[in-house]
Amino acid sequence: MSIYSNDRPQGRFLPTRFYCELLEHVQQCGLSTDNLLEVTGLNEQQLNDEAFLATQAETEQLIINALRITGEPNLGMIVGAKFNISSHGVVGFAALSSATVADALDVANKYIPIITPLIEISTPHNNTAIDGNEYGVIDIKTTAPMSADVKRFTIDATLSSLHVMASFMLSNELPAYRVELDYPLQSYHDVYGALVGSSFVGNCQHNRILLPVEVLKRPIPLADKNTYRKSIEQCDELLQQLPGSQYSLSQAIRKRLSNTTDCHLLSQEEIAEELNMSPRTLHRLLSKENTKFRELATSVRIHRAKKMLQQTQYSISQIAHELGYTDAANFTRAFRKLEGVSPREFRGES
-2 MSIYSNDRPQ
8 GRFLPTRFYC
18 ELLEHVQQCG
28 LSTDNLLEVT
38 GLNEQQLNDE
48 AFLATQAETE
58 QLIINALRIT
68 GEPNLGMIVG
78 AKFNISSHGV
88 VGFAALSSAT
98 VADALDVANK
108 YIPIITPLIE
118 ISTPHNNTAI
128 DGNEYGVIDI
138 KTTAPMSADV
148 KRFTIDATLS
158 SLHVMASFML
168 SNELPAYRVE
178 LDYPLQSYHD
188 VYGALVGSSF
198 VGNCQHNRIL
208 LPVEVLKRPI
218 PLADKNTYRK
228 SIEQCDELLQ
238 QLPGSQYSLS
248 QAIRKRLSNT
258 TDCHLLSQEE
268 IAEELNMSPR
278 TLHRLLSKEN
288 TKFRELATSV
298 RIHRAKKMLQ
308 QTQYSISQIA
318 HELGYTDAAN
328 FTRAFRKLEG
338 VSPREFRGES
């Protein structure tokens, strides 16, 4: 059972501009759009409507369908390359009018939720040396659970779109850079890397771009203070207008833990693996929701304990053992902390 089977965000919060490009690509390939839209609940009119917002479940099914009917494992790279500066609207123009490449990445970091709330792009950090060259690190992270194929598609599309924009901003004078991926390298990555002058490394701990430090400092030829200021003002307005997603990672994890059929609760590492992310990333995302995995696991254990105290004749020690506590004393402390009474008091025992 997967954590994301019934726990995708239900709110409509994803702009369809990106997915409209997916529709156009399928049409250009001479493939059936009916097959693309199958089971998604979406139609062509909605995808072509700039004001329409889709759910993650709808767009994820759309991507799965597209990968299936096109048979193109590099579909993310293909679609992402269709996005130039103007495709990203006012966010693209804010980046284009920035003073330096580092400033443009600051724009991407702050305003990418306007384009897609499912991706985070960090500002350059942690300069690192490789083969005598110094690189700035730009992390690319997904912000919600998604299947492995959809995650790869999303990261690939982000990478190729960033390359197109960076090349344009620097008048096609973008030097070689390095890309590290947390999924296995595909043959098309080598082909793409050779075309754009970048090297790909798979099975890493992160998804990130390593860009030469001197590139980050490079001025953008079309930098313009007035255009930048006006574009940033519009970006701020759009950011304030974004609808909130009804998705809660902590709720999804609590539900996943509750749905296990035996008394063994999945570990943080096991949950992170289901979500196609590292335990560290899972910890960071839960911190944004002001909680920790241990707190979620404890709440599920105590909920089970209350049922066992009410519905069985198990002793306190037996319940503690069933729930994975080392002894009854630890179980009693955890129970009292959440419920305000001891297990015996909860059961009505003197």
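Numbering follows my numbering, with no gaps: position 194 of the sequence shown is 191.
Ideal placement from N, C-alpha and C gives every residue a C-beta, glycine not left out.
Short Cβ contact (9 Å threshold) for residue i with residue j
i, j, result
"Leu39", "Ala51", "yes"
"Ile82", "Gly73", "no"
"Gly136", "Ile118", "At residue 136 the sequence reads Asp, which differs from the Gly that was named. Yes, Cβ-Cβ distance for Asp136 and Ile118 is below 9 Å."
"Gly86", "Ala154", "no"
"Glu271", "Leu282", "no"
"Leu246", "Pro121", "no"
"Ile116", "Pro12", "no"
"Asn370", "Glu35", "No answer is possible for residue 370: the residues shown for the chain start at -2 and end at 347."
"Val134", "Leu207", "yes"
For residue i, the three-state DSSP class (helix, strand or coil)
i, result
"Tyr225", "helix"
"Arg175", "strand"
"Ser242", "Reliability of the predicted coordinates at Ser242 is poor, the pLDDT of 48 falling under 50, and no value is obtained from them."
"Thr125", "strand"
"Arg9", "coil"
"Gly133", "strand"
"Ile75", "helix"
"Ala96", "coil"
Between the CA atoms of residue j and residue i - distance to the nearest angstrom
i, j, result
"Ile127", "Thr295", "43 Å"
"Cys201", "Glu342", "51 Å"
"Pro340", "Leu293", "19 Å"
"Ile75", "Ser157", "8 Å"
"Ile299", "Gly337", "12 Å"
"Gln308", "Asp46", "54 Å"
"Leu335", "Met166", "55 Å"
"Gly364", "Tyr311", "Given that the chain is displayed from residue -2 to residue 347, the structure contains no residue 364 and the question cannot be resolved."
"Phe10", "Tyr108", "15 Å"
"Gln243", "Ile250", "Only weak support exists for where Gln243 lies, its pLDDT of 44 falling under 50; the value from the coordinates is given anyway. One C-alpha to the other measures close to 15 Å."
"Ser94", "Leu19", "28 Å"
"His186", "Ala326", "55 Å"
"Arg65", "Cys232", "35 Å"
"Pro240", "Glu234", "13 Å"
Cβ-Cβ separation, residue j to residue i (assumed contact under 8 Å), whole Å
i, j, result
"Ser228", "Ala317", "Not quite, the Cβ-Cβ distance comes to about 59 Å (not below 8 Å), so this is no contact."
"Ile152", "Leu171", "19 Å between Cβ atoms; not a contact."
"Glu41", "Thr30", "6 Å"
Any non-hydrogen atom of the ligand NAD within 8 Å of residue i CB
i, result
"Ile61", "Ligands are entirely absent from the displayed structure, and the ligand NAD is therefore not among its contents."
- Hey, is the segment 189 to 201 in contact with the segment 138 to 145, meaning 3+ C-beta pairs nearer than 8 Å? The segment 189 to 201 vs the segment 138 to 145: no contact.
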